[in-house]
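Novice: Before I ask anything, here is the structure I am working with.
In the working numbering, the protein residues as written are 1 to 405.
Dropping the structure here:
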């Protein structure tokens, strides 16, 4: 092999490798760092990594993967692993067979949906769409060839194309998938997504104000679809997570104790959670039982399964109410805000909304506590001004407190 065909395998070097000379089938280039590792360049421009080693006088070759799906760093790691397995006497045919048996990312996602998302009642369609958009070009890749460096690269690329929030959500999905792969023993390596530093996110603080509440109630009163109307009402009044409300079952409702028990496999925390239902909640549920006597409180189309994501109906209600930038999850935050305004302490709100971390509750509680601070400051100012001979030329602004019923 000519010395010119030995190069230091880097992304830049491999990207600029020329096509084979006319009449040649393929050109081979060896890595200067890892012995036995080389790349073949086809006339069509395909670049494939291989590793070769002499075993009992016979030269054996293993196809590692294509560039750029496989980075140079990963190719070296796979080549060294191959060499190591042969050094300890492992049969070459078995090494090759193990490589072909390894799960792909697409196969892992199918397992992730079937073994985790379905049982948890999570947003399958939404997560699938997010996975496909971010990682469709990785579906055929074996898990062991996905490394930390390229995960960080794709995190940045998604951020550049679609924003930091979309990038963070994509990496969260990938990280969760690899965690499950390791737990289920589908994969023996380390999670390549754990090294990624997420982009900063500003905590969303959107809640309904008094005027929006009135308009939303009026819009719901005019909603023609009773299933959607009752769903949005219970979302507003219970502060429950959308996924839990969509999958609400009659067998989990106890009208005697006025409770709704959400099984641990359906909760975000993984623990069973009991929701305290008010008389208003129960009245809506009793009315629903007449029209939906099956398994689910909110049955799906044609009575199959439960209601899917009510995105279109929610958009219709918001348009009627002339409200913008309000997500269903904001109703949950609004309930926390109203409870804080009514005098409930942070631990009560945490329990009512099943927050695993008190910090989540405090983000809302601290924001809402500004109302109490403002009232206290106003009372102090009134006391000071009342006893003072001087008067400030100020026109007071009176703002109604948000209704609690």
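Where is the CB? At the ideal position from N, CA and C, for every residue including glycine.
#1: Residue 260 bridges to which residues according to DSSP?
#2: Rounded C-beta distance between residue 199 and residue 167? I'm assuming under 8 Å.
#3: Let me check understanding here. Comparing Cα to Cα, which of 38, 10, 226, 325 lies closest to residue 299?
#4: Could you name the residues of the same chain whose beta carbon sits closer than 6 Å to that of residue 218, not counting the 5 residues immediately before and after it, in chain order?
#5: Assign residue 265 to buried or exposed, taking buried as 16 or more other Cβ atoms, counted over all protein chains shown, within 10 Å of its Cβ.
#6: Going by DSSP in three states, residue 232 sits in which element: helix, strand or coil?
#7: To which residues does DSSP link residue 65 through a beta bridge?
#8: Go ahead and pull the three-state DSSP assignment for residue 31.
#9: Please state the DSSP three-state secondary structure of residue 297.
#10: On the criterion of 16 or more Cβ atoms from any shown chain inside 10 Å, does residue 406 qualify as buried, or is it exposed?
#11: With 16 as the cutoff for other CB atoms within 10 Å, does residue 154 come out buried or exposed?
#12: In three-state DSSP terms, what is residue 59?
#13: For residue 310, count the other beta carbons within 10 Å of its own beta carbon; 16 or more makes it buried, fewer makes it exposed. Which is it?
#14: What span of residues does the beta strand (DSSP E) with residue 151 cover, start to end?
#15: Would DSSP call residue 39 helix, strand or coil?
#16: According to DSSP, is residue 7 part of a helix, a strand, or is it coil?
#17: Distance, Cα to Cα, residue 313 vs residue 245?
#18: For residue 47, is the classification buried or exposed, using 16 other Cβ atoms within 10 angstroms of its Cβ as the cut-off for buried?
#19: Compare the Cα-Cα distances from residue 250 to each of 295, 182, 28 and report the closest residue.
#20: CB-CB under 7 Å to residue 196, same chain, minus the five flanking residues each way: which ones, in chain order?
#21: What are the start and end residues of the alpha helix (DSSP H) that includes residue 16?
#22: Taking only the alpha-carbon atoms, compute the straight-line gap between residue 159 and residue 169 and give it to the nearest angstrom.
#23: Kindly indicate the opening and closing residues of the alpha helix (DSSP H) around residue 314.
#24: To the nearest angstrom, how far is the alpha carbon of residue 201 from that of residue 162?
#25: Since residue 242 is in the alpha helix (DSSP H), which residue starts that stretch and which ends it?
#26: Look at the alpha carbon of residue 223 and the alpha carbon of residue 317, and state the distance between them as a whole number of angstroms.
#27: What does the Cβ neighbour count give for residue 293, buried or exposed, with the cut at 16 atoms within 10 Å?
#28: Since residue 8 and residue 30 are thought to touch, with beta carbons under 8 Å apart, how far apart are those beta carbons, to the nearest angstrom?
Specialist: So, from the listed chains and residues:
#1: Counted from its first residue, the chain shown places residue 260 at position 260. In the DSSP output, where bridge partners are listed per residue, residue 260 has 253, 275.
#2: Here residue 199 refers to the residue found at position 199 when the chain shown is read from its first residue. Here residue 167 refers to the residue found at position 167 when the chain shown is read from its first residue. Yes, residue 199 and residue 167 are in contact; Cβ-Cβ is about 6 Å, under 8 Å.
#3: On the chain shown, residue 299 is found 299 positions in, with the first residue counted as 1. Selected option, being the one with the closest Cα: 226.
#4: The residue labelled residue 218 in the question sits at position 218 within the chain shown. Excluding sequence neighbours, residue 218 sits near nothing in its chain.
#5: Along the chain shown, one-based indexing puts residue 265 at 265. By the C-beta density criterion, residue 265 is exposed, having fewer than 16 other C-beta atoms within 10 angstroms.
#6: If you number the chain shown from 1, residue 232 lands on position 232. Residue 232 carries a helical assignment under DSSP once its states are collapsed to helix, strand and coil.
#7: Here residue 65 refers to the residue found at position 65 when the chain shown is read from its first residue. Per DSSP, the beta-bridge partners of residue 65 are 49.
#8: Residue 31 sits at position 31 when you count from the first residue of the chain shown. Reduced to three states, the DSSP call for residue 31 is strand.
#9: Position 297 of the chain shown holds residue 297. Correct three-state label for residue 297: coil.
#10: The shown model of the chain, from 1 to 405, leaves out residue 406, and the question about it has no answer.
#11: Counting from one through the chain shown, the residue named residue 154 turns up at place 154. By the 10 Å Cβ count, residue 154 comes out buried.
#12: As a first step, residue 59 must be located in the chain shown, where it is residue number 59. Residue state, collapsed to three classes: strand.
#13: Here residue 310 is taken as the residue at index 310 of the chain shown, counted from 1. Around the Cβ of residue 310, a 10 Å sphere holds 16 or more other Cβ atoms; the residue is buried.
#14: The count along the chain shown starts at 1 and reaches residue 151 at position 151. Here residue 151 belongs to no beta strand (DSSP E); instead the alpha helix (DSSP H) covers 148-162.
#15: The sequence position of residue 39 within the chain shown is 39, counting from 1. Of the three classes helix, strand and coil, the one that applies to residue 39 here is strand, per DSSP.
#16: The count along the chain shown starts at 1 and reaches residue 7 at position 7. In the displayed model, residue 7 falls within a strand according to three-state DSSP.
#17: Locating residue 313 in the chain shown gives position 313, counting from the first residue. Locating residue 245 in the chain shown gives position 245, counting from the first residue. Rounded to the nearest angstrom, the two C-alpha atoms are 15 Å apart.
#18: Translated into the one-based positions of the chain shown, residue 47 becomes position 47. Residue 47 sits buried, since 16 or more C-beta atoms from the chains shown fall within 10 Å of its C-beta.
#19: As a first step, residue 250 must be located in the chain shown, where it is residue number 250. When each option's Cα is compared against that of residue 250, the closest is 295.
#20: One-based indexing of the chain shown puts residue 196 at position 196. Cβ neighbours of residue 196 beyond the five flanking positions: 151, 152, 155, 171.
#21: Residue mapping note: residue 16 aligns to position 16 of the chain shown, counting from 1. Boundaries cannot be given for residue 16, as no alpha helix (DSSP H) includes it and DSSP labels it neither H nor E.
#22: For the purposes of this step, residue 159 is taken as residue 159 along the chain shown, with counting starting at 1. For the purposes of this step, residue 169 is taken as residue 169 along the chain shown, with counting starting at 1. Their Cα atoms are separated by approximately 10 Å.
#23: Start at 1 with the first residue of the chain shown, and residue 314 comes out as number 314. Counting along the chain, the alpha helix (DSSP H) containing residue 314 begins and ends at 311-321.
#24: Here residue 201 is taken as the residue at index 201 of the chain shown, counted from 1. Here residue 162 is taken as the residue at index 162 of the chain shown, counted from 1. Within the model, the alpha-carbon separation for residue 201 versus residue 162 is close to 14 Å.
#25: Within the chain shown, numbered from 1, the residue matching residue 242 stands at position 242. 242-246 is the extent of the alpha helix (DSSP H) around residue 242.
#26: Reading the chain shown from its first residue, position 223 is the one you call residue 223. Reading the chain shown from its first residue, position 317 is the one you call residue 317. Taking C-alpha positions only, residue 223 is separated from residue 317 by approximately 7 Å.
#27: Here residue 293 is taken as the residue at index 293 of the chain shown, counted from 1. Around the Cβ of residue 293, a 10 Å sphere holds fewer than 16 other Cβ atoms; the residue is exposed.
#28: On the chain shown, residue 8 is found 8 positions in, with the first residue counted as 1. On the chain shown, residue 30 is found 30 positions in, with the first residue counted as 1. Taking C-beta atoms under 8 Å as the contact rule, residue 8 and residue 30 fail to qualify, at a distance of about 11 Å.
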